[in-house]
Structures are given as structure tokens and as C-alpha cells.
Amino acid sequence: MSYAKEYQRAFENPTAFWAEQAQHLDWEQPWDAVLDDRRAPFHRWFAGGRINTCHNALDRHVEAGRGDQDALIYDSPLSGSKRRYSYRALRDEVARVAGALKQLGVEKGDRVVIYMPMVPEAAMAMLACARIGAIHSVVFGGFAAPELAKRIDAAQPKLVMSASCGLEPGRLIAYKPLLDQALELSSHEVEHCLILQREQCHADLIAGRDVDWSETVTRAEPAACASLAATDPLYVLYTSGTTGKPKGVVRDNGGHAVAMHYSMRAVYRAAPGEVYWAASDVGWVVGHSYIVYAPLLMGCTTVLYEGKPVGTPDAGAFWRMIDEYRISTLFTAPTAFRAIKKEDPGGELLSGYDLSCLKTLYLAGERSDPDTIEWAQKQLDVPVIDHWWQTELGWPAVSNCLGLQAMPVKPGSAAVPVPGYDMQVLDDDGQTLGTDQIGNLALRLPLPPGTLLTLWDNDDGYQDNYLSRYPGYYLTGDAGYRDGDGYISIMSRIDDIINVAGHRLSTGAMEQVLAAHPAVAECAVIGVTDTLKGQLPLGLVVLKAGVNQAEQDIVAELVANVRQEIGAVAAFKQAAVVPRLPKTRSGKVLRAAMRKIADGENPPVPATIDDPKILDEIRQALGRLGYPHNN
């Protein structure tokens with residue numbers, strides 16, 4: 001079926017459309033209503049139905065004869081470990097972990113915080129919670145103790161699952177001291193901590209509270225899949241709130257499973273038996289959706305990688321993985337490819353690997369600049385698909401849906417709304433804007449299955465943060481526009497639209513110009529305070545390896561390019577070359593922190609930052625340009 005026909009079916013009769021998609025899964029009991037809107041805007045999908053996500057991800061495939069197929073491949077250049085788990089082996093191990101949770105008193109509806117590195121046991125922990133109906137809340141391994149404490153207080157877990165340590169290039173991070181400190185800081189008391197001892201570091205266990213993973217799981221009785229309502233919560237995932245209080249996104253069992261399965265087929269064109277790799281972390285929504293749940297629900301082989309795109313050992317790490325495991329689909333953040341391009345701009349490291357198995361590269365998490373997309377297309381000779389979604393949505397909302405119809409790639413655009421999503425571009429008063437006009441991106445309610453139900457223990461916060469600005473719509477927080485072909489371009493966060501002398505300008509459009517320069521590996525544009533014009537744009541660029549051109553000449557060319565492409569109205573006059581950009585561990589550039597530094601503020605170090613030292617480097621670079629100005 002063509003994209004247009006599929007989209008129209010989902011638009012005109014969403015209940016019939018999603019009921020059809022749900023038939024691909026095993027249901028213990030059918031639903032009474034596909035969409036329950038009695039408490040709108042708190043819509044519920046598949047009300048009255050009963051389903052178990054773990055059964056559909058593991059047991060269903062074993063029962064269908066796929067038990068010997070690889071379900072999960074683990075590869076860790078940081079530890080030198082490699083492991084494969086068949087569907088049968090993974091099911092059996094998950095059942096034992098689930099049994100261990102039950103033995104420790106975890107019951108349906110209890111929360112379990114998972115604070116683990118990228119090891120197979122992290123995925124097992126998530127699936128084990130899903131198996132017995134516990135609600136997991138994964139916190140990125142290595143998070144600072146105060147931030148972990150906030151999430152423990154918010155979720156109030158009965159148990160924490162953790163490990164002795166995590167590994168980063170050139171260093172080891174001991175998790176147990178961080179966990180102990182977090183539990184001292186939090187007001188909520190957990191009953192037990194289940195600790196995986198890694199050979200790189202042994203953790204001291206506190207008697208009575210801490211239990212050894214291996215010993216406990218080995219002697220546990222395997223647990224069967226619990227009977228769960230489709231509307232029961234599957235997990236809570238915390239995303240940083242603007243007030244500093246984490247927002248707990250709630251995902252359900254039924255709608256989530258249906259959306260995950262549908263997205264694998266319609267968006268990613270993935271088929272059972274294929275090897276699918278999301279190069280992310282289980283601490284992020286991409287790890288939840290496309291390392292753990294969606295590939296297993298589809299019957300694919302999923303890859304869990306404990307390494308980096310560069311440095312473990314070089315910029316050919318991804319190529320080695322694709323070749324060794326015959327990966328069909330790769331999904332990663334644009335920043336990963338910018339890092340590879342920076343280290344190996346000519347793609348010389350590709351020559352040693354056979355990548356004929358790779359069908360498609362998908363990019364999301366940060367805006368994909370056309371230069372990075374075109375570089376990847378040239379190197380890999382496969383479709384490079386920029387697509388857009390959010391932690392709150394859980395699966396793609398804008399994409400080139402290759403499983404329905406391959407559409408032309410327009411570098412700089414995330415393509416078209418995915419069936420089930422009604423995307424609108426609105427002005428500040430809620431009026432729909434015409435083509436090529438930048439406005440606020442909003443999704444008409446109800447949102448499709450798989451998206452957030454609400455915020456954990458905070459219905460008012462859900463309405464205030466997402467629904468109050470435009471009644472009947474979910475506000476994405478991103479700005480963008482729709483072109484004449486219906487393609488959506490996401491330009492920046494709404495907060496990153498800057499106002500220069502009354503002109504609303506997109507920093508994303510300026511970044512697109514900077515990224516096109518042959519010397520630039522990656523970049524960011526921020527709006528800094530100016531007494532005359534309100535705000536002025538400032539560019540920060542990282543250069544590719546081996547660039548010999550003088551920095552001042554590069555900056556002069558960048559300023560000229562922006563003036564030529566966007567015009568004098570942008571008032572783009574300054575750029576600084578920096579060694580690297582501050583990012584979260586998921587690859588998002590911390591523009592707000594840089595903007596505050598330029599304006600003379602001393603922002604708190606974000607909990608999700610990859611390396612806090614980078615902010616000092618940015619402060620020094622801005623200081624050389626005279627920032628903060630005495631406005």
C-alpha cells in the first residue's frame with residue numbers, strides 16, 4: 001500500500017486502522033474499545049484488552065519455531081566481551097531474572113529502578129519487569145547520585161537493579177558508590193538492590209539490603225508471564241524538566257507493543273530474522289524502543305553495543321560491527337556520524353569491511369544537517385533517512401516510511417508525518433500557517449498508540465507542559481515548517497528561535513549553512529543577548545581532522561556564507577572554533593548551557609552532560625570573543 005493511502009486510512013478511521021495493526025500480536029483477551037476517550041485528553045488504547053509485552057517479545061517467537069534464532073547480540077570493545085543469546089536462551093534467562101524479582105518481593109505494579117551499563121542483563125532486567133507486570137524506570141548508568149536520588153524519590157521503587165561498574169574509553173565508573181550515595185540522599189527507602197558483579201570491578205554489598213545478581217538469579221524459579229491489562233503501565237522514563245524536576249513519561253503495555261511492531265514494519269522496513277542495530281543506550285528512549293522492545297516484538301536480532309563510534313578502537317568501529325554481524329538496519333544519532341566524519345573525512349576506514357548487508361541508515365536525536373546526510377550517502381551508498389520523534393512520543397512521528405513507500409530524500413527534512421500522527425504548524429495564536437512558514441509544531445489529539453499516557457503521578461504537569469498552549473493539541477516544543485510537498489523540516493527547539501531586531505530566525509537554518517563548509521565537522525548556533533537588536537547569533541564550530549586552513553579565514557568564510565544564504569537580516573558576524581561541543585550522552589548539543597555562558601550566567605552542569613569539562617572550554621572560547629558583553 002502507498003504511503004498516502006495508509007496515512008489516509010489511519011487518519012479517517014484510526015480505531016479500525018489500529019485494531020488491524022494489533023492483530024499481529026498475541027492477546028490473552030481482546031479489547032472492549034480500541035480507543036477509550038471517556039477521560040480525554042487522557043486517552044487509553046485497547047481498553048479492556050489483556051496482553052503481556054514480554055510474551056510477545058520472547059515466548060511468542062519460541063512457540064512459533066524461532067527459538068534457535070539469535071535474539072540479542074552483545075559486543076563490548078570496552079570489555080573485550082561478545083555474547084549471543086537465542087530467543088529460547090533469552091526467554092529462559094529473563095524468566096529466571098523475573099523469578100528473582102518475585103522472590104525479592106516485587107509484585108505487579110511495583111516500580112523497579114534499573115541503573116545499569118550496556119550489558120545484556122540491562123535488557124533482561126527490563127523484560128523481566130515486563131514479564132511480571134512491574135513498572136521499570138531505567139536511569140542512565142553513571143548518572144550523578146543527586147540526579148539518581150531525584151528519580152528514586154519520584155518513582156518510589158521497591159527495588160533497584162544495578163551493576164558494580166560501567167566502562168567508558170580509558171576509565172571505569174564504579175556504580176555502587178553512586179547508588180549508595182543516591183539512596184542516602186533520597187527520602188524513599190528501597191527494600192533491596194540486586195547487584196551484577198562485573199569482573200572489572202567488585203562492589204561491596206550491604207548486608208540485608210544488597211543481593212548478588214548471579215547467586216539470586218541462579219537459584220530463582222522461572223516466572224511465567226503475568227496477565228496484564230493493555231492499559232497497565234509498562235515503564236516510566238524520566239526526562240529532564242524545565243523546572244529541574246524530572247518528568248516521568250508513562251508508557252502502557254498494549255498501545256506500546258502495537259506501535260513498536262508497526263513502526264518496525266512501516267518505518268524501518270525490518271523483517272523477522274534480520275539484524276537490527278540501534279546504536280544508543282538503554283537509558284534513553286531509543287534504547288527502550290529500538291534496542292529492547294521493537295526489534296524483539298518484530299522477531300529481529302537486536303544488537304547491544306558497549307562502545308563508541310570513534311575511539312573503540314577507531315572511526316571504523318561501526319563498519320566492523322555491520323560487517324561482523326551482517327546488520328541490515330543501523331539507527332544512530334547524527335552526532336555519531338559527525339564524529340566519524342571528523343576523524344575519517346575521506347572514509348578510508350570503510351575499505352576494510354564488507355557492508356553489502358546494510359540496507360538503510362536512520363538518523364534521529366539531533367537535527368541531521370544536509371552535509372552529514374550527503375557524506376553518509378556517499379560513503380555507504382544506501383538510503384540515509386532523517387526522522388524525528390521524542391522521548392514523550394516513543395516512536396517516529398515524522399519519517400520517510402520505507403516499509404510503505406520509499407519517497408525522495410530531501411536533506412534537511414525529516415520527510416512526512418507517519419500514519420497515526422496529525423502534525424500541524426501553528427503560529428503563537430494557534431492559527432495554522434501556510435507552506436514554508438516557520439511555526440510551532442503541534443500534534444492533534446488523540447495521539448496514536450505508543451505515545452505517553454501522562455506523566456507519572458503528575459496529570460496536571462502533563463496538561464501544563466504539553467496540552468495547555470493549544471487546546472486539542474500536543475505541543476512538541478519544536479519549531480519547523482511544512483513545504484509544498486508536505487515534507488516537515490524541524491529547525492530547532494522553540495526556545496532556539498531567536499529574535500534579531502524583530503525578525504524571528506531559526507538557528508537550525510544557520511547551522512545548516514555552517515555545516516556545509518568543507519572544514520566543519522559539526523556546529524551549533526546560539527542566540528546571545530544584545531541591547532540593540534535583542535539577540536544576535538553566534539556560531540561555534542568544530543573542525544575536521546587534518547584541516548590546515550587558518551581559523552580566522554574559516555570564520556570569515558562562514559560569516560560570508562550565512563550572509564549569502566540567509567541574508568544580512570541574520571546579523572551573523574561572529575563564530576568561534578572550539579575543540580568540541582558540550583553534549584548529552586545521547587548526542588544532543590547543550591545549546592541552552594552555552595547561551596547562558598555567553599550571557600554571563602553560570603548555568604548548573606546538566607545531569608546528562610557527557611563531559612563537564614567541555615563547558616570550561618566553551619567559556620574560554622567565548623571569553624576570547626569578549627563574551628559576556630557588558631550589555
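Read in the UniProt record's numbering, the sequence shown has 183 at position 183, and its numbers run on one by one without any break. Think of the CB as a built atom: it goes at the ideal place given N, C-alpha and C, for glycine as much as any other residue.
Report all residues from its chain with a CB closer than 7 Å to the CB of residue i; omit the five preceding and five following residues, and keep chain order.
i: L426; result: T432, L433, G439, N440, A442, Y470
i: R84; result: D70, I73
i: C54; result: V94, L127, A130, R131, C225
i: A257; result: L25, I51, T53, N56, L297
i: L380; result: L355, L358, L361
How many angstroms separate the CA atom of residue i from the CA atom of residue j?
i: S413; j: Y487; result: 7 Å
i: E184; j: G283; result: 22 Å
i: L178; j: V285; result: 23 Å
i: E121; j: C165; result: 13 Å
i: A593; j: G508; result: 17 Å
i: R39; j: Y481; result: 32 Å
i: D610; j: D32; result: 46 Å
i: D428; j: V562; result: 27 Å
i: A270; j: E617; result: 42 Å
i: K82; j: W319; result: 17 Å
i: I566; j: S162; result: 50 Å
i: A515; j: C523; result: 6 Å
i: D281; j: L536; result: 36 Å
i: A568; j: I497; result: 17 Å
i: H288; j: N13; result: 29 Å
i: T372; j: W388; result: 16 Å
i: D323; j: I597; result: 43 Å
i: D92; j: P396; result: 31 Å
i: T451; j: P117; result: 26 Å
i: T531; j: P448; result: 45 Å
i: W18; j: L35; result: 9 Å
i: H629; j: N548; result: 31 Å
i: T476; j: R9; result: 24 Å
i: P77; j: S368; result: 27 Å
For residue i, collect the residues of the same chain with a Cβ closer than 6 Å to its Cβ; drop the 5 residues on either side in sequence, then sort them by chain order.
i: residue 643; result: Because the chain here runs from 1 to 631, residue 643 falls outside it and cannot be looked at.
i: S351; result: none
i: T242; result: Note on T242: pLDDT 47, under 50, position unreliable in the model; no value is reported.
i: Q390; result: none
i: M407; result: N400
i: Q181; result: A145
Please state whether the Cβ-Cβ distance between residue i and residue j is less than 8 Å.
i: A130; j: L194; result: no
i: D459; j: T529; result: no
i: G527; j: R595; result: yes
i: P334; j: E374; result: no
i: V578; j: V605; result: no
i: S137; j: V211; result: no
i: K158; j: V190; result: yes
i: R96; j: P222; result: yes
i: Y293; j: A57; result: yes
i: P411; j: K308; result: no
i: A519; j: I554; result: yes
i: R444; j: Y473; result: yes
i: E6; j: P383; result: no
i: Y3; j: Q552; result: no
i: L349; j: A279; result: no
i: R50; j: A259; result: no
i: A154; j: W456; result: yes
i: A521; j: K342; result: yes
i: F42; j: D422; result: no
i: T435; j: D478; result: no
Taking the DSSP output, what are the residues bridged to residue i?
i: R482; result: I488
i: S137; result: V113
i: A415; result: I488
i: I497; result: S506
i: P537; result: G527
i: V217; result: In the DSSP output, where bridge partners are listed per residue, V217 has none listed.
i: D344; result: Bridge partners of D344: none, in fact.
i: K176; result: K176 is not bridged to any residue.
i: W45; result: L35
i: E522; result: V542
Excluding the 5 residues preceding and the 5 following residue i in the sequence, name in chain order all residues of the same chain whose CB lies nearer than 8 Å to its CB.
i: residue 669; result: Missing from the structure shown is residue 669; the chain here goes from 1 to 631 and no further.
i: A576; result: L538, G539, L540, V541, V555, A621, L622, R624, L625
i: A174; result: S164, C165, C201, A203
i: R111; result: A134, I135, H136, S137, A155, Q156, P157, K158, V236
Answer yes if the segment 265 to 282 comes into contact with the segment 357 to 365, meaning at least three C-beta pairs across the two stretches below 8 Å, and no otherwise. Touching, yes.
The segment 245 to 263 / the segment 303 to 310 touching (three or more Cβ pairs under 8 Å): Flag = no, the segment 245 to 263 and the segment 303 to 310 do not touch.
Evaluate the contact criterion for the segment 86 to 93 versus the segment 54 to 61: three or more CB pairs, one atom per stretch, below 8 Å. Flag = yes, the segment 86 to 93 and the segment 54 to 61 touch.
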